[in-house]
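The sequence shown: position 75 = 1074 (the numbering used here), numbered continuously. The beta-carbon is built from N, C-alpha and C at its ideal position, and this holds for glycine as well. For reference, the structure is listed below as structure tokens.
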Amino acid sequence: MRRTRTVRVGELVDDLFRDPVIRRNIAEGRLPKTWAEVAGPMVASCTEEVTLRGSILTVRISSSVVRHETFMRRTELRDALNLASGHNLVRELIVK
């Protein structure tokens, strides 16, 4: 007689979230929220679009003043995004 092991749904979910590919995909999906947290409330309120293609993040900002400030801080923001997401998702940050 063969013994079967009972697997709980919680264990399956835990295993799924340990997968590095799944974790990276989740981090990519959360990137707009992470952007808002990292950039701060003023920049987030002026951000119209956050798009990741490959490892290039493009943010569209409605205010020219906030856009300029964000452009000047793009390297710092890129590093903070990668740190907050736990992955090197963003190689380049384009501010439009």
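**Study point:** Sub-8 Å separation of LYS1095 and ARG1052 beta-carbons
**Key:** Taking the first residue of the sequence shown as 1, we reach residue 1095 at position 96. Taking the first residue of the sequence shown as 1, we reach residue 1052 at position 53. Taking a C-beta distance under 8 Å as the contact criterion, LYS1095 and ARG1052 do not qualify as a contact pair.
Check your understanding: What residue range is occupied by the uninterrupted beta strand (DSSP E) comprising LEU1056?
Key -> Translated into positions along the sequence shown, residue 1056 becomes position 57. In the DSSP assignment, LEU1056 falls within the beta strand (DSSP E) that extends over 1055-1060.
Check your understanding: Which class does ARG1052 belong to by DSSP, given the choice of helix, strand or coil?
Key -> Position 53 of the sequence shown, counting from 1, holds the residue named residue 1052. Taken through DSSP and simplified to helix, strand or coil, ARG1052 comes out as strand.
Point to revise | For ILE1093: DSSP bridge partner residues | key: Start at 1 with the first residue of the sequence shown, and residue 1093 comes out as number 94. According to DSSP, ILE1093 bridges with THR1057.
**Study point:** Cα-Cα separation between VAL1042 and GLY1085, rounded to whole angstroms
**Key:** Taking the sequence shown and counting its residues from 1, the one referred to as residue 1042 is at position 43. Taking the sequence shown and counting its residues from 1, the one referred to as residue 1085 is at position 86. Rounded to whole angstroms, VAL1042 and GLY1085 show a C-alpha spacing of 22 Å.
Review point. By a C-beta neighbour count over all protein chains shown, 10 Å radius and 16 as the cutoff for buried, is LEU1011 buried or exposed?
Key: Locating residue 1011 in the sequence shown gives position 12, counting from the first residue. LEU1011 counts as exposed, since fewer than 16 other beta carbons sit within 10 angstroms of its beta carbon.
Check your understanding: Hey, is ASP1013's beta-carbon within less than 8 Å of any beta-carbon in chain C?
Key -> The displayed structure is made up of one protein chain only, and chain C is not part of it.
Review point. Closest by CA to LEU1056, which one among LEU1088, VAL1008, THR1069, ASP1018?
Key: Your numbering for residue 1056 matches position 57 in the sequence shown. Taking each of LEU1088, VAL1008, THR1069, ASP1018 in turn and checking the Cα distance to LEU1056, the smallest one comes out for LEU1088.
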